[in-house]
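The numbering used here applies: residue 369 is where the sequence shown begins, and numbers increase by one. All C-beta atoms in this analysis are idealised placements derived from N, C-alpha and C, irrespective of residue type, glycine included. Comments concern the structure below.
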Amino acid sequence: MMADESSEEKMNLVANKQVILHGYVKGFPKETDFGLKSSAISFSIPNGAVLLKNLYLSCDPYMRHRMSDHISHTGTIIHSFTPGSVLVGYGIGKVLKSANPEFEEGEFVWGLTGWEEYTVIHNPEIFRKIKYTDVPLSYYMGVLGIPGLTAHVGLFNLCSPKKGETVYVSTATGGVGQLVGQFAKMAGCYVVGSASTQEKVNLAKQKFGYDDAFNYKEEHDLRATLGRYFPEGIDIYFDNVGGEMLNEVLLHMKPHGRIAACGMISQYNLDEQEGIRNMFNVVIKRLEIKGYVETDYKHVYPEYLEFAIKNLEEKKLVYVEDIAEGLENGASALVGIFYGKNVGKQLVRVAAE
Ligand SMILES: NC(=O)c1ccc[n+]([C@@H]2O[C@H](COP(=O)([O-])OP(=O)(O)OC[C@H]3O[C@@H](n4cnc5c(N)ncnc54)[C@H](OP(=O)(O)O)[C@@H]3O)[C@@H](O)[C@H]2O)c1
369 MMADESSEEK MNLVANKQVI LHGYVKGFPK ETDFGLKSSA ISFSIPNGAV LLKNLYLSCD
429 PYMRHRMSDH ISHTGTIIHS FTPGSVLVGY GIGKVLKSAN PEFEEGEFVW GLTGWEEYTV
489 IHNPEIFRKI KYTDVPLSYY MGVLGIPGLT AHVGLFNLCS PKKGETVYVS TATGGVGQLV
549 GQFAKMAGCY VVGSASTQEK VNLAKQKFGY DDAFNYKEEH DLRATLGRYF PEGIDIYFDN
609 VGGEMLNEVL LHMKPHGRIA ACGMISQYNL DEQEGIRNMF NVVIKRLEIK GYVETDYKHV
669 YPEYLEFAIK NLEEKKLVYV EDIAEGLENG ASALVGIFYG KNVGKQLVRV AAE
């Protein structure tokens, strides 16, 4: 590089605050597993790339797998983070600079970005552009993004709810759960949810329209509790937690019941996964348990987006988010979801729009 090019390059350097993982995590993640680093980023970008100003970052349970030194599930598409390097996750950004004819400066997009103020995206084609901006931008990390699609696909495509059926949703007020509850009510079902605090139980019933809800942490006999809330049994279980809850739910499923295996957050911080002992119920009750990953349903996202926007506009769908301010609070927000601290979908606001 010539001397004048080098000084021009230096002039293009801008301070870039980043959240990094110090080292691989064992057990429950802690805030001290992460750190803040100040590095520099060049605002001169290569052809085909865009420079993003990150606005919102999504705190997602799957990120726990990426904090481990190896990912034990074969066939997974998830890779470990690199200690010392910036975290990567879903986020919403504004195109500050574009060297790609498909993207204009000032456009809003969402996709996989860095947990930092600015990120150079070398393959912006895989980002989605945000065209409808009559709602808060942050909704694209929730009701208008992956949690929404996950809730919709899991309930409708996998479980085909029918009017009058009984539906149980664990993690009833989270990013995914709050939408599953509302979608199941739209389908005319009787819907019960569970969560870890009274505040969330009230939210489930008063805001999201669950017919009933309970605090699973206060119920010491899950079998009896489920029997009380579902005296006739459960037609559909939307499983966000796995583990002992799934084990007990199997006993309460009705014949030909359906289970959407969406996530198993109760297992993500354990060295050894808990076993499910009541599997014979799957045989005798002819149950369907179906696992899925939302990325397999990208093709139905445009249709889902239209559905969700329409229902938000008509006020038939509500949405609650929990927004932490600034990258300084990013680690505590991310770790918090594994302790149930979030009330609604957890995000980090990196910068104002
Ligand atoms: N299959 C897919 O494609 C896909 C896509 C997105 C998300 N997911 C899964 O969907 C589930 C919900 O994700 P989300 O993004 O909506 O997160 P979220 O529900 O907004 O946040 C996580 C919640 O999980 C609960 N939780 C945390 N640790 C727990 C534990 N040890 N045992 C039981 N519950 C625990 C807490 O809620 P409570 O207060 O209610 O306990 C916490 O607030 C997760 O399992 C996630 O992995 C799957």
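(message) Whole angstroms are fine: how far does the CA of residue 402 sit from the CA of residue 484?
(response) Residue 484 sits at position 116 when you count from the first residue of the sequence shown. Residue 402 sits at position 34 when you count from the first residue of the sequence shown. Rounded to whole angstroms, the separation of the alpha carbons of residue 402 and residue 484 is 13 Å.
(message) Starting from residue 382, trace the beta strand (DSSP E) in both directions and tell me its first and last residue.
(response) Walking along the sequence shown from the start, residue 382 turns up at place 14. Annotation for residue 382: the continuous beta strand (DSSP E) segment containing it runs 381 to 389.
(request) Return the chain-ordered list of same chain residues with a C-beta closer than 7 Å to the C-beta of residue 594, the five sequence neighbours on each side being excluded. (result) Along the sequence shown, one-based indexing puts residue 594 at 226. Sequence-distant partners of residue 594 (beyond 5 residues in either direction) whose C-beta falls short of 7 Å from its own C-beta, in its chain, are 616, 617, 620.
(message) According to DSSP, is residue 660 part of a helix, a strand, or is it coil?
(response) In the sequence shown, the residue the question calls residue 660 occupies position 292. Residue 660 sits in coil when the DSSP states are folded into three classes, being neither helix nor strand.
(request) Quick one: using the 10 Å Cβ neighbour count with 16 as the cut-off for buried, is residue 474 buried or exposed? (result) Stepping through the sequence shown from its first residue, residue 474 is reached at position 106. Exposed, since its Cβ has fewer than 16 Cβ neighbours within 10 Å.
(request) Could you tell me whether the Cβ atoms of residue 482 and residue 463 are closer together than 7 Å? (result) The residue labelled residue 482 in the question sits at position 114 within the sequence shown. The residue labelled residue 463 in the question sits at position 95 within the sequence shown. Cβ atoms of residue 482 and residue 463: not closer than 7 Å.
(request) Within its chain, find whatever has a CB closer than 6 Å to the CB of residue 634; leave out the 5 residues flanking it on each side and keep chain order. (result) Position 266 of the sequence shown holds residue 634. Taking C-beta separations shorter than 6 Å and ignoring five residues to either side along the sequence, the partners of residue 634 in its chain run 609, 610, 611, following chain order.
(message) Quick check on residue 654: does DSSP put it in helix, strand or coil?
(response) Your numbering for residue 654 matches position 286 in the sequence shown. Per DSSP, reduced to three states, the secondary structure at residue 654 is coil, with no helix or strand assignment.
(request) Give me whichever residues DSSP pairs with residue 715 in a beta bridge. (result) By 1-based counting over the sequence shown, the position of residue 715 is 347. For residue 715, which the question treats as bridged, DSSP gives the partners 426, 691.
(request) Measure the alpha-carbon distance for residue 644 versus residue 676 and round it to whole angstroms. (result) As a first step, residue 644 must be located in the sequence shown, where it is residue number 276. As a first step, residue 676 must be located in the sequence shown, where it is residue number 308. For residue 644 and residue 676, the distance between alpha carbons rounds to 35 Å.
(message) Checking 7 Å against the spacing of the C-beta atoms, do residue 699 and residue 399 come in under that value?
(response) One-based indexing of the sequence shown puts residue 699 at position 331. One-based indexing of the sequence shown puts residue 399 at position 31. Inclusion of residue 699 and residue 399 in the CB contact set at 7 Å is warranted, their separation being smaller than that value.
(message) For a quick check, are the C-beta atoms of residue 548 and residue 579 less than 7 Å apart?
(response) By one-based count along the sequence shown, residue 548 stands at place 180. By one-based count along the sequence shown, residue 579 stands at place 211. 7 Å or more divides the Cβ of residue 548 from the Cβ of residue 579.
(message) Taking 7 Å as the threshold (C-beta atoms), are residue 431 and residue 393 in contact?
(response) Your numbering for residue 393 matches position 25 in the sequence shown. Your numbering for residue 431 matches position 63 in the sequence shown. No.
(request) Answer yes or no: the CB of residue 609 versus the heavy atoms of ligand 1, is any distance below 6 Å? (result) For the purposes of this step, residue 609 is taken as the residue at position 241 of the sequence shown. Checking the 6 Å criterion, the Cβ of residue 609 is within range of a heavy atom belonging to ligand 1.
(message) Against chain C, with Cβ distances strictly below 7 Å, would residue 488 count as a contact?
(response) Of the protein chains in this structure there is only one, and it is not chain C.
(message) Here's the rule I'm using: 16 or more other beta-carbon atoms within 10 Å means buried, otherwise exposed. How should residue 562 be labelled?
(response) Walking along the sequence shown from the start, residue 562 turns up at place 194. It is buried - the Cβ of residue 562 has at least 16 other Cβ atoms within 10 Å.
(message) Using 8 Å as the cut-off, can you tell me whether the region 625 to 632 makes contact with the region 598 to 606, which would need three or more C-beta pairs spanning the two stretches below that distance?
(response) Between the region 625 to 632 and the region 598 to 606 there are three or more C-beta pairs closer than 8 Å, enough to call the two in contact.
(request) Specify, as a first and last residue, the run of the beta strand (DSSP E) that residue 593 falls within. (result) One-based indexing of the sequence shown puts residue 593 at position 225. First-last for residue 593: 590 to 597, but that is the alpha helix (DSSP H), not the beta strand (DSSP E).
(request) Using beta-carbon positions only, say whether residue 420 and residue 457 come within less than 7 Å of one another. (result) Locating residue 420 in the sequence shown gives position 52, counting from the first residue. Locating residue 457 in the sequence shown gives position 89, counting from the first residue. The answer is no: Cβ separation not under 7 Å.
(message) Helix, strand or coil for residue 583? Go by DSSP, reduced to three states.
(response) Locating residue 583 in the sequence shown gives position 215, counting from the first residue. In the three-state scheme derived from DSSP, where H, G and I count as helix and E and B as strand, residue 583 is classed as strand.
(message) Does residue 401 come out as helix, strand or coil in the three-state DSSP assignment?
(response) By 1-based counting over the sequence shown, the position of residue 401 is 33. Three-state DSSP puts residue 401 in a helix.
(request) For residue 653, collect the residues of the same chain with a Cβ closer than 8 Å to its Cβ; drop the 5 residues on either side in sequence, then sort them by chain order. (result) Stepping through the sequence shown from its first residue, residue 653 is reached at position 285. Beyond the five residues adjoining it in sequence on each side, residue 653 comes within less than 8 Å, by CB distance, of 621, 622, 623, 624, 625 in the same chain, given in chain order.
(request) Compare the Cα-Cα distances from residue 573 to each of 537, 607, 589 and report the closest residue. (result) As a working mapping, residue 573 is identified with position 205 in the sequence shown. Cα-wise, what sits closest to residue 573 is 537.
(message) Tell me whether residue 633, by its Cβ, gets closer than 6 Å to a heavy atom of ligand 1.
(response) The residue labelled residue 633 in the question sits at position 265 within the sequence shown. The closest heavy atom of ligand 1 lies less than 6 Å from the beta carbon of residue 633.
(request) Give a single yes or no on whether residue 544 has its beta carbon closer than 6 Å to a heavy atom of ligand 2. (result) In the structure on display, ligand 2 does not appear, and the ligands it does have are ligand 1.
(message) Among the candidates 388, 437, 469, 407, whose CA atom is the shortest distance from the CA of residue 343?
(response) This structure cannot settle anything about residue 343, because the visible part of the chain is limited to 369 through 721.
(request) Would you check if there are 3 or more beta carbon pairs closer than 8 Å linking the region 521 to 535 to the region 660 to 668? (result) Yes: the two stretches touch, three or more of their Cβ pairs being nearer than 8 Å.
(message) My output table needs one value for residue 356: the three-state DSSP class, helix, strand or coil.
(response) A query on residue 356 cannot be resolved here, the shown segment of the chain reaching from 369 to 721 and no further.
(message) Which runs of the beta strand (DSSP E) at least 3 residues long sit entirely within the region 445 to 496? Give them in chain order.
(response) Along the length of the region 445 to 496, whole beta strand (DSSP E) runs at least 3 residues long occupy 456 to 466, 476 to 482, 486 to 489, reported in chain order.
(request) Indicate the three-state DSSP secondary structure (helix, strand or coil) for residue 670 in the structure shown. (result) Here the question's residue 670 lines up with position 302 in the sequence shown. If DSSP states are grouped into helix, strand and coil, residue 670 belongs with the helices.
(request) Provide the residue span of the alpha helix (DSSP H) that contains residue 518, from first to last. (result) Translated into the one-based positions of the sequence shown, residue 518 becomes position 150. Counting along the chain, the alpha helix (DSSP H) containing residue 518 begins and ends at 514 to 520.
(request) To the nearest angstrom, report how far apart residue 480 and residue 566 are at their CA atoms. (result) The count along the sequence shown starts at 1 and reaches residue 480 at position 112. The count along the sequence shown starts at 1 and reaches residue 566 at position 198. The straight-line gap from Cα to Cα measures roughly 34 Å.
(message) On the CB-based measure, 16 or more other CB atoms within 10 Å of its CB, does residue 370 come out buried or exposed?
(response) Your numbering for residue 370 matches position 2 in the sequence shown. Low confidence applies to residue 370: its pLDDT is 44, below 50, so where it sits in the model is not reliable, and the reading given next is rough at best. So residue 370 ends up on the exposed side.
(message) Measuring only from the beta carbon, is residue 557 closer than 6 Å to any heavy atom that is part of ligand 1?
(response) Along the sequence shown, one-based indexing puts residue 557 at 189. Taking 6 Å as the cut-off, the C-beta of residue 557 does not count as close to any heavy atom of ligand 1.
(message) Please tell me whether residue 409 and residue 486 are closer than 7 Å, where the distance is taken between their beta carbons.
(response) Along the sequence shown, one-based indexing puts residue 409 at 41. Along the sequence shown, one-based indexing puts residue 486 at 118. Between residue 409 and residue 486, the C-beta spacing is below 7 Å.
(request) Give the straight-line distance between the Cα atoms of residue 719 and residue 707, rounded to the nearest whole angstrom. (result) As a working mapping, residue 719 is identified with position 351 in the sequence shown. As a working mapping, residue 707 is identified with position 339 in the sequence shown. Straight-line measurement puts the Cα of residue 707 at about 26 Å from the Cα of residue 719.
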